[in-house]
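With the numbering used here applied, the sequence shown covers 53 to 171.
Backbone N, C-alpha and C define an ideal beta-carbon position, used for all residues, glycine too.
Below: the structure, in structure tokens.
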Amino acid sequence: MKPLNIDKTGCSNMSSNCVVWQGPDIDCINLCKGDSVTEVVYKLALELCNLMETFDLSNYDLKCFSGGVCQPKDFKDFLNILITKVCGLQDCTNCGDSCNPCPTPPISTSGGNNTNPNP
């Protein structure tokens, strides 16, 4: 990415290690007043990388969605598919396995009877 302002007249070079964060402490990223800008950018970059990994759909097993549902292209689509499926299951009565393309195996009870949590 090219800088928008390439005219550097009047600017003196300074290391980001010499510029200090004067803002408040931010506990969730362990950022403290007095940290160098280098540390601030590094901590924010780590958080960004963690978020990108969390929302990367290739990290999830989505084989369950193959039955008549288009694969989500992004995390927003993924959440919308989940919401639609949950809402559909809540509205589903006496429809057997057609409600759920990924049926849950029966749960064994202490009496030996099997019950299916997805009627």
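Keeping to the same chain, check which residues put their C-beta closer than 7 Å to that of V92; ignore five residues upstream and five downstream. In the sequence shown, residue 92 corresponds to position 40, counting from 1. W73, L83.
Between the alpha carbons of D126 and L114, how many angstroms are there, rounded? Start at 1 with the first residue of the sequence shown, and residue 126 comes out as number 74. Start at 1 with the first residue of the sequence shown, and residue 114 comes out as number 62. Approximately 12 Å between the Cα atoms of the pair.
Alpha carbons only, please: which of T90, C80, D79 is nearest the one belonging to C70? Position 18 of the sequence shown, counted from the first residue, corresponds to residue 70. The option with the nearest alpha carbon to C70 is T90.
Reduced DSSP category for V72 - H, G, I as helix; E, B as strand; rest coil: Taking the first residue of the sequence shown as 1, we reach residue 72 at position 20. Looking at V72 - three-state DSSP - the assignment turns out to be strand.
For the alpha helix (DSSP H) containing L109, name the first residue and the last one. Counted from its first residue, the sequence shown places residue 109 at position 57. From DSSP, L109 is part of no alpha helix (DSSP H); its letter is neither H nor E.
Among all the DSSP beta bridges, which residues are the ones paired with S88? Indexing the sequence shown from 1 puts residue 88 at position 36. For S88, which the question treats as bridged, DSSP gives the partners V72.
Under 8 Å between C-beta atoms of I133 and P124: Position 81 of the sequence shown, counted from the first residue, corresponds to residue 133. Position 72 of the sequence shown, counted from the first residue, corresponds to residue 124. Contact flag set, yes.
Just to confirm before moving on: does the CB-CB distance between K85 and D79 stay below 8 Å? If you number the sequence shown from 1, residue 85 lands on position 33. If you number the sequence shown from 1, residue 79 lands on position 27. No; because the gap between Cβ atoms is not below 8 Å, this pair is not in contact.
Would you mind working out which of T106, S68, T61, Q142 sits nearest K42, comparing C-alpha positions? With the chain represented from 53 up to 171, any question about residue 42 goes unanswered, as that position is not in the structure.
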